[in-house]
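Number of protein chains: 4
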Amino acid sequence: MGLKLDLVVASRTLAEHGVIDAYGHASARSDTDPQRYLMARNVAPELVTEEDILEYDLDSNPVDANGRAVYHERFIHGEIYKKRPDVMAIVHNHSHAVIPFACTGVALQPIFHMSAFIGLGVPGWDIRDAKKGTDLLVRDAYLGEHLARALGKHPAVLMRGHGSTVVGENIQRAVGRSIYLDINARMQLDAIALAGDDRPIVFMDEAEVAANVSWQNYERAWELWKKKALARLAQEAAR
Amino acid sequence: MGLKLDLVVASRTLAEHGVIDAYGHASARSDTDPQRYLMARNVAPELVTEEDILEYDLDSNPVDANGRAVYHERFIHGEIYKKRPDVMAIVHNHSHAVIPFACTGVALQPIFHMSAFIGLGVPGWDIRDAKKGTDLLVRDAYLGEHLARALGKHPAVLMRGHGSTVVGENIQRAVGRSIYLDINARMQLDAIALAGDDRPIVFMDEAEVAANVSWQNYERAWELWKKKALARLAQEAAR
Amino acid sequence: MGLKLDLVVASRTLAEHGVIDAYGHASARSDTDPQRYLMARNVAPELVTEEDILEYDLDSNPVDANGRAVYHERFIHGEIYKKRPDVMAIVHNHSHAVIPFACTGVALQPIFHMSAFIGLGVPGWDIRDAKKGTDLLVRDAYLGEHLARALGKHPAVLMRGHGSTVVGENIQRAVGRSIYLDINARMQLDAIALAGDDRPIVFMDEAEVAANVSWQNYERAWELWKKKALARLAQEAAR
Amino acid sequence: MGLKLDLVVASRTLAEHGVIDAYGHASARSDTDPQRYLMARNVAPELVTEEDILEYDLDSNPVDANGRAVYHERFIHGEIYKKRPDVMAIVHNHSHAVIPFACTGVALQPIFHMSAFIGLGVPGWDIRDAKKGTDLLVRDAYLGEHLARALGKHPAVLMRGHGSTVVGENIQRAVGRSIYLDINARMQLDAIALAGDDRPIVFMDEAEVAANVSWQNYERAWELWKKKALARLAQEAAR
Numbered sequence: 008m009g010l011k012l013d014l015v016v017a018s019r020t021l022a023e024h025g026v027i028d029a030y031g032h033a034s035a036r037s038d039t040d041p042q043r044y045l046m047a048r049n050v051a052p053e054l055v056t057e058e059d060i061l062e063y064d065l066d067s068n069p070v071d072a073n074g075r076a077v078y079h080e081r082f083i084h085g086e087i088y089k090k091r092p093d094v095m096a097i098v099h100n101h102s103h104a105v106i107p108f109a110c111t112g113v114a115l116q117p118i119f120h121m122s123a124f125i126g127l128g129v130p131g132w133d134i135r136d137a138k139k140g141t142d143l144l145v146r147d148a149y150l151g152e153h154l155a156r157a158l159g160k161h162p163a164v165l166m167r168g169h170g171s172t173v174v175g176e177n178i179q180r181a182v183g184r185s186i187y188l189d190i191n192a193r194m195q196l197d198a199i200a201l202a203g204d205d206r207p208i209v210f211m212d213e214a215e216v217a218a219n220v221s222w223q224n225y226e227r228a229w230e231l232w233k234k235k236a237l238a239r240l241a242q243e244a245a246r
Numbered sequence: 008m009g010l011k012l013d014l015v016v017a018s019r020t021l022a023e024h025g026v027i028d029a030y031g032h033a034s035a036r037s038d039t040d041p042q043r044y045l046m047a048r049n050v051a052p053e054l055v056t057e058e059d060i061l062e063y064d065l066d067s068n069p070v071d072a073n074g075r076a077v078y079h080e081r082f083i084h085g086e087i088y089k090k091r092p093d094v095m096a097i098v099h100n101h102s103h104a105v106i107p108f109a110c111t112g113v114a115l116q117p118i119f120h121m122s123a124f125i126g127l128g129v130p131g132w133d134i135r136d137a138k139k140g141t142d143l144l145v146r147d148a149y150l151g152e153h154l155a156r157a158l159g160k161h162p163a164v165l166m167r168g169h170g171s172t173v174v175g176e177n178i179q180r181a182v183g184r185s186i187y188l189d190i191n192a193r194m195q196l197d198a199i200a201l202a203g204d205d206r207p208i209v210f211m212d213e214a215e216v217a218a219n220v221s222w223q224n225y226e227r228a229w230e231l232w233k234k235k236a237l238a239r240l241a242q243e244a245a246r
Numbered sequence: 008m009g010l011k012l013d014l015v016v017a018s019r020t021l022a023e024h025g026v027i028d029a030y031g032h033a034s035a036r037s038d039t040d041p042q043r044y045l046m047a048r049n050v051a052p053e054l055v056t057e058e059d060i061l062e063y064d065l066d067s068n069p070v071d072a073n074g075r076a077v078y079h080e081r082f083i084h085g086e087i088y089k090k091r092p093d094v095m096a097i098v099h100n101h102s103h104a105v106i107p108f109a110c111t112g113v114a115l116q117p118i119f120h121m122s123a124f125i126g127l128g129v130p131g132w133d134i135r136d137a138k139k140g141t142d143l144l145v146r147d148a149y150l151g152e153h154l155a156r157a158l159g160k161h162p163a164v165l166m167r168g169h170g171s172t173v174v175g176e177n178i179q180r181a182v183g184r185s186i187y188l189d190i191n192a193r194m195q196l197d198a199i200a201l202a203g204d205d206r207p208i209v210f211m212d213e214a215e216v217a218a219n220v221s222w223q224n225y226e227r228a229w230e231l232w233k234k235k236a237l238a239r240l241a242q243e244a245a246r
Numbered sequence: 008m009g010l011k012l013d014l015v016v017a018s019r020t021l022a023e024h025g026v027i028d029a030y031g032h033a034s035a036r037s038d039t040d041p042q043r044y045l046m047a048r049n050v051a052p053e054l055v056t057e058e059d060i061l062e063y064d065l066d067s068n069p070v071d072a073n074g075r076a077v078y079h080e081r082f083i084h085g086e087i088y089k090k091r092p093d094v095m096a097i098v099h100n101h102s103h104a105v106i107p108f109a110c111t112g113v114a115l116q117p118i119f120h121m122s123a124f125i126g127l128g129v130p131g132w133d134i135r136d137a138k139k140g141t142d143l144l145v146r147d148a149y150l151g152e153h154l155a156r157a158l159g160k161h162p163a164v165l166m167r168g169h170g171s172t173v174v175g176e177n178i179q180r181a182v183g184r185s186i187y188l189d190i191n192a193r194m195q196l197d198a199i200a201l202a203g204d205d206r207p208i209v210f211m212d213e214a215e216v217a218a219n220v221s222w223q224n225y226e227r228a229w230e231l232w233k234k235k236a237l238a239r240l241a242q243e244a245a246r
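The listed protein sequences derive, respectively, from chains A, B, C and D. Quick note: the first sequence uses the numbering used here, first residue 8, plus one each step. Quick note: the second sequence uses the numbering used here, first residue 8, plus one each step. Quick note: the third sequence uses the numbering used here, first residue 8, plus one each step. Quick note: the fourth sequence uses the numbering used here, first residue 8, plus one each step.
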């Protein structure tokens, strides 16, 4: 399965899990040219097909758009690919449970082993620190670079009032991390309510995080997501 | 696509998102006569087809009902269209996360950029201030006018014990705002729980709101919603 | 549409809304003999067809079971029909948001106009007051009668550790009330969180409740639910 | 219906209820050899078919894998079957509402009669007490045996940062308990919020628990789940 089809599977899986709705996008670094990345034209992820996937250079110029509109926030992707040669895939999303953390500065911590990567650190980013009075969208390379710096070496960055951006060494990891970031946020919110002022919450410790992130690739989940996405694609084609 | 089909798409999209159930309604000002508006006969939004859409004058008399029953609360629509020439579409809904705000007087604030319009102000309205002992329904022009005054120049008004009414310069904006009003309420509730008594919640500031509402039309979402609603309509027709 | 089909629609609608799962049951007083009621044999509501509907006398003996198993808790229905000649339909359910109220003694109050009937009073019942050491099921006429007394003249009664029983003057009212009882509980829980210790929650007042319950029959909703349930039945028949 | 098909029904039912996602697994002790158990190869539960079910000895060696990959955490199953001759079925899951309890040490208590088995005691287990610095997975017999000891004679054990493992005298009981463990956790969390510092929560008492668990087999639910799972299997086969 090629990268384009992988991105179709990623987009539809993220929509199916409510991690993105009509907004948000998944990208992958080109496997033939590390100075390029692949991402859909401006279309809702749930509708993406292979024909919608365009190639962009790292300044986020589409190479082959042929007049098709592109995402305003493509700079998120290009600027991170520039700074992070290890990153091969990126998901930008608006998942609902994460925003309240981004807006209160409560740190996400790994409460669930499927979300162990959170233990590598998930910094917050407030676009106001880069520029005041924006519409909160990462509309240019300056803002993208600022966000990429806040991400640093981490697997994800929270964006105040907006959502998060999640990276991985491959597509399935970026997708799996996006889904389990949201689930961890929901569990942590519930744990905070349960714990009240008296009880500590036991999170994964550093050694546990390290032991988990070394191999966690969401393989079994990816197999399921792919199978379901391909079945939906076949159904659409049959209409 | 004509206004009638747009209203069918709007009704089914709102039901799909749980913003309305069997109740609530979407209307649009006529594009040929600004003294008229279009809205379904008395039927659950999920069942609306183009044939169900009637025309009303601004006193909310149906022009072409031919004996078909109409919504009791049509005065919400007529009275707002009278007072707000800028408004071209209205959604009245009972979305679940919003009612607790309406009943406690906690102000909704824009915590999520897709809901930036909340920063333009979402006043509350208590029907008791207009009339005591009602069943909470806006059953006549007097109550509709009173609600329209509470709405004022704002994009939405909360209705105590009832829901909200959301307006826009076009249908997709009224629909998108209705969906993201509910999502913002859920996120804000979670943020309040997270913040406790100690932490501030960072909402969008005035300049950010202004920068966002100037263009936010929910275009990409509308394209998705339309496609899904039309597919469902085709499926129903094929039965 | 006959009563049997109405009960099929009721059962499937309640399951669709998550108000009952494999458990819970809906009944209706016979329209030919007020000393009889109709209810399914022992089967999950989501699977009920007209052929599953049996007739019971008010002591909850099935008249025509022909060896088919019946619900252990049928006495809930028979004993209420005995005491309440005005009641024509009953739903017993385990809806999730209601149980926490039943177990803490926090009174449900009408926060939403679709749930105005709550303002008529929803008492709580603890089976321990009737008998200690039960499995919480209403397995005999003694327990059923005790519950019916706790219900009194009200539209619903909460059952500690178990769920609720909801009554109405017709099936659609018993179904609608069951659905909106759960929704009101969820909204009230959220309002309590929002209000904290400082803010009052504004519920519907007595006059508002009276004005609403006088006519609320969930007609538009019932039309939708019927249409959807019949479509599912047709689909099953076509398999 | 044979055990293999029962496990297919169990796997798909657990996925349908959100109790497991791509992870988690259900097993059954062989009905011909109590020193063996049946469980799927390494595949997402939602995809399991009868062909995927393998046989394992109680040291968790697959007998007939023919090169197919097996679950890393199969030792959970083998070690419990060794220690608990009464146990005929086991579900390991990651259900979301349960983790916050596992991480805060708040004891799950039976708030709902469908979840009465919780009153038999649901101990917590922290893998750190067995070994530090793991990835939280039960990857060997040592960890499995340690977990089995924490489970003791109880119906379920919570696993910190991970989920839970639930046992039963038959498959439907292990499945039903897994589903109602999650539901009970959600209800208990809501009850804790409602009760605040002032009100007690009334849980089932010991006698009530004993009266309930003596017979609760989730029979009516199992009939429903089986019917739905078989319908989905037939649909897949028809593609």
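Note that beta-carbon positions come from the ideal geometry of N, C-alpha and C, so glycine has one too.
In the DSSP annotation of this structure, the continuous segment of the alpha helix (DSSP H) that includes D:D197 starts and ends at 178-202. Taking C-alpha positions only, D:I125 is separated from A:A202 by approximately 20 Å.
Taking a C-beta cut-off of 8 Å against chain D, the contacting residues of the segment 136-169 of chain C are K139, G140, T141, D142, L143, L144, R167, G168, H169, listed in chain order. Around the C-beta of B:H79, fewer than 16 other C-beta atoms lie within 10 Å, and the residue is accordingly described as exposed. Residue pairing for D:L45: DSSP places it in a beta bridge opposite D:A35, D:E62.
Here the alpha carbon of A:V26 sits roughly 10 Å from the alpha carbon of A:V105. Closer than 8 Å at the C-beta level to chain D, one finds these residues of the segment 96-122 of chain A: P117, I118, F119, H120, M121. Contact annotation for D:L231 against chain C: A29, A51, E53, L54 [CB-CB distance below 7 Å, chain order].
Inclusion of D:A228 and C:Y149 in the CB contact set at 9 Å is not warranted, their separation being larger than that value. DSSP places D:I83 in the helix class (H, G or I) of the three-state scheme. DSSP places D:S67 in the coil class of the three-state scheme, outside both helix and strand. In this structure the segment 135-154 of chain C touches the segment 83-102 of chain C; the number of beta carbon pairs closer than 8 Å is three or more. Residue range 148-158 is occupied by the alpha helix (DSSP H) that includes D:G151.
Contact of D:R19 with chain C by beta-carbon distance below 9 Å is absent, the smallest such distance being about 15 Å.
Between D:D133 and chain A, the shortest Cβ-Cβ separation is below 9 Å.
Spatial neighbours of B:H32 in its own chain (CB-CB distance under 7 Å, excluding positions within 5 residues in sequence) are listed in chain order as M46, A47, P52, Y78, H99. Around the Cβ of D:R246, a 10 Å sphere holds fewer than 16 other Cβ atoms; the residue is exposed. Between the segment 116-133 of chain A and the segment 150-169 of chain A, the count of C-beta pairs closer than 8 Å reaches three or more; the two stretches touch. Taken through DSSP and simplified to helix, strand or coil, A:L144 comes out as coil.
The DSSP-derived three-state label of A:G126 is helix. Taking CB atoms only, B:R75 has no neighbour in chain C less than 9 Å away. The beta carbon of C:R246 sits closer than 9 Å to some beta carbon of chain D. Listed as beta-bridge partners of B:N100 by DSSP are B:S171. Judged by their CB atoms, D:Q116 and D:I190 are not nearer to each other than the 9 Å cut-off.
Note that the C-beta distance between B:S171 and B:A181 is not below 9 Å. With respect to chain B, the C-beta atom of A:A72 has no partner C-beta closer than 9 Å.
Of all residues in the segment 194-211 of chain B, the ones placed with a Cβ closer than 7 Å to any Cβ belonging to chain C are L196, I199, A200, in chain order. In the assembly as shown, D:G175 is a buried residue. Its beta-carbon has 16 or more other beta-carbons within 10 Å. Restricting attention to C:D38, C:D142, C:N177, the CA atom closest to the CA of C:Q223 is found in C:N177.
The Cβ of A:S221 sits closer than 9 Å to at least one Cβ of chain D.
Spatial neighbours of B:R193 in its own chain (CB-CB distance under 7 Å, excluding positions within 5 residues in sequence) are listed in chain order as A104. Listed along chain D, the residues sitting closer than 7 Å to A:E215 by beta-carbon distance are G140, T141, D142, L143.
Here B:L143 is not near C:E213, since their CB atoms are 9 Å or more apart.
If you draw a straight line from the Cα of A:G168 to the Cα of A:A96, it comes to about 23 Å. Burial is judged here by how many other beta carbons sit within 10 angstroms of a residue's own beta carbon; C:P41 has fewer than 16 and is exposed.
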